[in-house]
Amino acid sequence: MNNFAFILHPIDPKRDVARKFPLFGKYLTTEQIDYFSAFFPPVYLSEIHGIRSTATGEEIMGWFVACPYTPARMVELPVETVYRKIIQTGKLAERLGARLLGLGAFTSVVGDAGITIARGLDIPVTTGDSYTVAIAVESIREAARVMGIEMKSAVAAVVGATGTIGQVCAELLAREVPRLLLVGRRPEALVQLRERCQGSGGAEVQIATDFGRLAEADLILSVSSAMETLIEPEHLKPGAVVCDVARPRDVSARVAAARDDVLVIDGGMVEAPAAAGGAQFNFDFGFPPGMVYACMAETMALALEGRYESYSLGKRITPSQVETMAAIAARHGFRLAGFRSFEKAVTDEQIARVREKARRASG
Numbered sequence: 003m004n005n006f007a008f009i010l011h012p013i014d015p016k017r018d019v020a021r022k023f024p025l026f027g028k029y030l031t032t033e034q035i036d037y038f039s040a041f042f043p044p045v046y047l048s049e050i051h052g053i054r055s056t057a058t059g060e061e062i063m064g065w066f067v068a069c070p071y072t073p074a075r076m077v078e079l080p081v082e083t084v085y086r087k088i089i090q091t092g093k094l095a096e097r098l099g100a101r102l103l104g105l106g107a108f109t110s111v112v113g114d115a116g117i118t119i120a121r122g123l124d125i126p127v128t129t130g131d132s133y134t135v136a137i138a139v140e141s142i143r144e145a146a147r148v149m150g151i152e153m154k155s156a157v158a159a160v161v162g163a164t165g166t167i168g169q170v171c172a173e174l175l176a177r178e179v180p181r182l183l184l185v186g187r188r189p190e191a192l193v194q195l196r197e198r199c200q201g202s203g204g205a206e207v208q209i210a211t212d213f214g215r216l217a218e219a220d221l222i223l224s225v226s227s228a229m230e231t232l233i234e235p236e237h238l239k240p241g242a243v244v245c246d247v248a249r250p251r252d253v254s255a256r257v258a259a260a261r262d263d264v265l266v267i268d269g270g271m272v273e274a275p276a277a278a279g280g281a282q283f284n285f286d287f288g289f290p291p292g293m294v295y296a297c298m299a300e301t302m303a304l305a306l307e308g309r310y311e312s313y314s315l316g317k318r319i320t321p322s323q324v325e326t327m328a329a330i331a332a333r334h335g336f337r338l339a340g341f342r343s344f345e346k347a348v349t350d351e352q353i354a355r356v357r358e359k360a361r362r363a364s365g
């Protein structure tokens, strides 16, 4: 049977540690969990069953394994130390029998974005970035549709534009909108990306390091790897759509509390194709039953395809990789799930209320 493994790690230390070790999550502070995570070994989480291709009928199995480091630890520790721990976690996956390893959250962006980790293992590794991009762009396109925003006349912005995911999101959006704003913290890298985007599409491409410029955008795709929130209520125009792919989140919780005239959606949620009994993940990673992150879905789709290769790796993903991965995933039955915002389902009624509030605020 084809199979895979996927690495998770605690994003929200108390909440996520409690999913596996309830007492630790209950009694330890975030600071204590950050500290002790440096000394904890890799953790076996669960065995996965019930993922079945709609094209071939083939079913795969897999495993969730956890690197214990929190985001704070991954930033603070020497990159070589972080590599070693992620490779140790990958070795656990190898011992379980995994033939392909997916890297989740910060494990996919640390250092050289998976290249060193792949060299340290005997199985191929993917960051899942190609399908993450495909679903992010599809999400912003669909959110624009339900909000009555036409891509052909919209101003779009990419936050974290010079990152691995941000670069290719920008290249793809430059083909669909007339004006694109690239937002990041490295002006030189933004200039280089602007030139590439202008070559791939017909958009007028501008760059910015000031988050206040986001108020110009109808559509915002946020894909940074920042530790802190970046997008605040004052940054958004009425009726704006924000797709937050980043984990930890780029969008402040203040936006949900203060701005009922904007639509914020969580990026990257995908419905996995399942056998009759449904997909069995046997671990609560915060999604509804049968739903997975796009990076997980890429790993699963590659296993269903029998394509055991390091598909998405390093800091440069191409549009053609994204398009190929999207086709593979679609063939096997993966599809964009319904919208969620701050981990809660978004209803049609909520969208209608946002549209009405935006109309009044703009009117």
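In this note's numbering, the protein residues as written are 3 to 365.
Note that CB positions come from ideal geometry on N, CA and C, so glycine has one too.
Just so you know, these numbers come straight off a predicted model, no measurement behind them.
* When the Cβ atoms of the segment 87-96 are set against those of the segment 63-74, are three or more pairs found closer than 8 angstroms? -> yes
* **Same chain only: Cβ atoms within 7 angstroms of Asp263, ignoring 5 sequence neighbours per side** => Pro240, Gly241, Val356, Lys359, Ala360, Ala363
* Sort Leu304, Leu10, Phe108, Arg318 by Cα distance to Gly288 and report the nearest one. => Leu10
* To do: Return helix, strand or coil for Ile117, following the three-state DSSP convention.
  => helix
* Below 8 angstroms on the Cβ atoms is my guess for Ser254 versus Gly162; work out the distance and round it to an integer in Å. => With a Cβ gap of about 15 angstroms, Ser254 and Gly162 do not count as contacting.
* To do: Counting only the same chain and skipping the five closest in sequence on each side, list residues whose C-beta sits under 6 angstroms from that of Gln208.
  => Leu183
* Beta-carbon separation of Asn293 and Met271 under 7 angstroms? -> Just to set this straight, residue 293 is Met in the shown sequence, not Asn. Result yes, Cβ atoms of Met293 and Met271 sit closer than 7 angstroms.
* Limits of the alpha helix (DSSP H) - the one that Cys199 falls within -> 189-202
* Can you tell which of Ile125, Lys16, Met298, Phe344 has its C-alpha closest to the C-alpha of Thr134? -> Met298
* To do: Return the chain-ordered list of same chain residues with a C-beta closer than 8 angstroms to the C-beta of Thr320, the five sequence neighbours on each side being excluded.
  => Val170
* **Pick from Thr128, Glu144, Asp212, Gly340 that is closest to Arg188, judged by C-alpha positions** => Asp212
* Mind checking which residues open and close the alpha helix (DSSP H) that includes Gln169? => 166-175
* Rounded to whole angstroms, what's the CA-CA distance from Leu25 to Pro80? Just pull it up for me. => 29 angstroms
* Is Gly316 near Ile125, with beta carbons less than 7 angstroms apart? -> no
* Asp114 versus Ala191: straight-line alpha-carbon distance, rounded -> 17 angstroms
* With Cys199 and Ala159 assumed to form a contact (beta carbons below 8 angstroms), what rounded beta-carbon distance in angstroms separates them? -> Wrong, their Cβ atoms sit about 12 angstroms apart, outside the cutoff.
* **Residue of Asp220, Gly308, Ala260 minimising C-alpha distance to Ile330** => Gly308
* Does the segment 243-259 touch the segment 330-340, meaning 3 or more C-beta pairs lie closer than 8 angstroms? -> no
* Run of the alpha helix (DSSP H) containing His11, from where it starts to where it stops -> Taken as a continuous stretch (DSSP letters only), His11 belongs to no alpha helix (DSSP H), as it is neither H nor E.
* Bounding residues of the beta strand (DSSP E) (the contiguous stretch that carries Cys245) -> 243-246
* **For Ala205, the three-state DSSP class (helix, strand or coil)** => coil
* To do: Out of Asn4, Phe6, Met3, Leu47, point me to the one whose CA is closest to Val19's CA.
  => Leu47
* Give me the Cα-Cα distance between Thr56 and Phe41, rounded to the nearest whole angstrom. => 42 angstroms
* Lys346 by DSSP, collapsed to three states: which one? -> strand
* **Three-state secondary structure (DSSP) of Glu307** => helix
* To do: Kindly indicate the opening and closing residues of the alpha helix (DSSP H) around Met327.
  => 321-334
* In terms of residues, what are the limits of the alpha helix (DSSP H) holding Leu98? -> 81-98
* When burial is assigned at 16 or more other CB atoms within 10 Å of the CB, is Glu351 buried or exposed? -> exposed
* Asked: Can you list, in chain order, the stretches of the alpha helix (DSSP H) that have 4 or more residues and sit fully within the segment 30-84?
  -> 32-38, 73-78
* Using CA coordinates, which residue listed in Ala100, His51, Arg101, Pro44 is at the minimum distance from Arg86? -> Pro44
* Report the option in Arg147, Pro235, Leu223, Ile151 whose CA atom is closest to the CA atom of Gly165. => Leu223
* To do: Just the C-alpha distance for Tyr71 and Glu78, rounded to the nearest angstrom, thanks.
  => 10 angstroms
* Report buried or exposed for Tyr313, applying the criterion of at least 16 other Cβ atoms within 10 angstroms of its Cβ. => buried
* Asked: Is the beta carbon of Ala120 sitting closer than 7 angstroms to the one on Val111?
  -> no
* Thinking C-beta only, is Ala138 closer than 7 angstroms to Asp220? -> no
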